[in-house]
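J.: Structure provided below as structure tokens; questions to follow.
Number of protein chains: 2
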Amino acid sequence: MALSSDTDEDISVQPSDRLLRQFVGYNIKRAYMQLQGDLTQTLAPFGLRIGTFSALAVVLGSEGISQTQLSEVLNIKRSGVVVLVDELENLGAIDRKPVETDRRAYALQVTAQGWHLWQNAERAVQSHEDALFDKLAVEDIRTLRELLVRATRSATRKRQEADE
Amino acid sequence: MALSSDTDEDISVQPSDRLLRQFVGYNIKRAYMQLQGDLTQTLAPFGLRIGTFSALAVVLGSEGISQTQLSEVLNIKRSGVVVLVDELENLGAIDRKPVETDRRAYALQVTAQGWHLWQNAERAVQSHEDALFDKLAVEDIRTLRELLVRATRSATRKRQEADE
DNA sequence: TATTGTTATACTCTATAACTATA
DNA sequence: TATAGTTATAGAGTATAACAATA
């Protein structure tokens, strides 16, 4: 493991959350809480929120996806997707295209405008993350991302086993 | 870096969040969202929520801490701390002890009962995390935790610089 | 004047449940 | 009967703003 040498201990007498740091879950929560504020600010100039940014990315990567499928990928309920899609539609970023073979469903499509929006927002988020994590080596960031993916995968597997 | 060999690509045609995976922030969000449900369930039998569990841990590690200090450590507003402390007090886990030198403030203290509660809850959360992450090598979990701590520290530093 | 704890209120995100129109 | 999308409502969790007591 190639962590750089920044493992200073918390030896202060000041109030701290030392007892909580041992939990992976707590550290994930802390990291997320601190990040989401910044991310929200980064996306605001584009008229996007974290939810709509994510939804746009998924539709972009899976043209013609239905709202139900989108809810499964984003891991939220269908009722929540309606709001996100409404918002993206109002931005002119995506279209609800009727599905000829199933008139209940919509095929979600990213518009040309939506594609440009994504490009700009994606670049902003990326450089924001670069700045935010510039104290971590590039290699460490990659490690972090991969471990998070695998931890999530592991948790998902556990939950699926529990559901059976 | 000692990642084990589980770097399978997402090559399916199924809808996916592939485009989002490149962002550290998104992976942190995913991981947290998947984790918090399980954590809530783990804590429920003890009458604790994530917030009260965290608050109890901080008070335990910093006896006599004030509510304002607690709000700073937990990174939430003072008004939010009132609810957490009320709840822990109702559980008999902590006391609001008057401060003789400043009658506006309380010194928070963990009761004997609160200490036992923490011990049991801490053990439950720990074994839950062990089970949840048993597909990750112990070394990888340590890496993940350290990187999260450092990423958060880095983000905090950035925000403080921005506030100046 | 500033700070501690408190209350009331509002906002964001998400879930649940009931509905409609299709299948 | 079951499913896709929708609507209305409610629940966490947190923020903001105003307040009383105290510094």
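In order, the protein sequence lines correspond to chains A and B.
So for the first sequence, the working numbering puts the first residue at 104; every next one is plus one.
So for the second sequence, the working numbering puts the first residue at 104; every next one is plus one.
Backbone N, C-alpha and C fix where the C-beta goes; we use that ideal spot for every residue, glycine too.
#1: Could you tell me which chain A residues have their CB closer than 8 Å to the CB of B:P118, listed as they occur along the chain?
#2: Can you name, in chain order, every residue of its own chain whose Cβ lies under 7 Å from the Cβ of B:Q216, other than the five neighbours on each side?
#3: For B:Y209 and chain A, any beta-carbon pair shorter than 9 Å?
#4: Taking just the CA atoms, how far does B:Q170 sit from B:L235?
#5: Between the C-alpha atoms of A:A134 and B:R181, what's the straight-line distance to the nearest angstrom?
#6: In whole angstroms, give me the CA-to-CA distance for B:K200 and B:A210.
#7: Classify A:G128: buried if its beta carbon has 16 or more other beta carbons within 10 angstroms, exposed otherwise.
#8: Using CA coordinates, which residue listed in A:T143, A:P148, A:E166 is at the minimum distance from B:D120?
#9: What residues from chain A crowd round B:I244, counting only those whose CB sits closer than 7 Å?
#10: Can you check DSSP and say which residues form a bridge with B:Q212?
#11: So, is the C-beta of B:S157 closer than 9 Å to a C-beta in chain A?
#12: For the alpha helix (DSSP H) containing A:Q144, list its first residue and its last residue.
#13: Using a Cβ-Cβ cutoff of less than 8 Å, which residues in the same chain neighbour B:N178 once the five nearest sequence positions on both sides are dropped?
#14: Taking C-beta pairs closer than 8 Å, name the residues in chain B that A:V228 reaches, listed in chain order.
#15: Do A:L123 and A:A158 have their beta-carbon atoms positioned less than 9 Å apart in this structure?
#16: Measuring CB to CB, does A:T214 end up less than 9 Å from A:D233?
#17: Figure out for me which residue from B:G140, B:L250, B:E242, B:T255 has the closest Cα to the Cα of B:H231.
#18: Could you tell me the boundaries of the alpha helix (DSSP H) in which A:A158 lies?
#19: If you reduce the DSSP assignment to three classes, tell me which class B:F236 lands in.
#20: Would A:Q139 count as contacting chain B if we go by Cβ distances under 9 Å?
#21: Could you say which of A:R226, A:V252, A:V228, A:A160 lies nearest to B:D243 if we only look at CA atoms?
#22: Whose Cβ in chain B lies nearer than 7 Å to the Cβ of A:I197?
#23: Would you identify the three-state DSSP class for B:I244, choosing helix, strand or coil?
#24: Put B:Q172 into one of helix, strand or coil per three-state DSSP.
#25: When you compare the CB positions of B:L173 and B:L151, do they come within less than 9 Å of one another, or not?
#26: Can you list, in chain order, the residues of its chain whose CB lies under 6 Å from that of B:G183, leaving out five sequence neighbours each side?
#27: Would you kindly check if the distance between the Cβ of A:Q212 and the Cβ of A:V162 is under 9 Å?
T.: On the basis of the coordinates in this document:
#1: V161, G164, S165, I168, Q172, L173, E175, V176
#2: G195, A196
#3: no
#4: 33 Å
#5: 21 Å
#6: 5 Å
#7: buried
#8: A:E166
#9: V127
#10: B:D198
#11: yes
#12: 127-146
#13: none
#14: F126, G128
#15: no
#16: no
#17: B:G140
#18: 153-164
#19: coil
#20: yes
#21: A:V252
#22: Per Cβ cutoff of 7 Å: no residues; A:I197 is ~14 Å from chain B at best.
#23: helix
#24: helix
#25: no
#26: none
#27: yes
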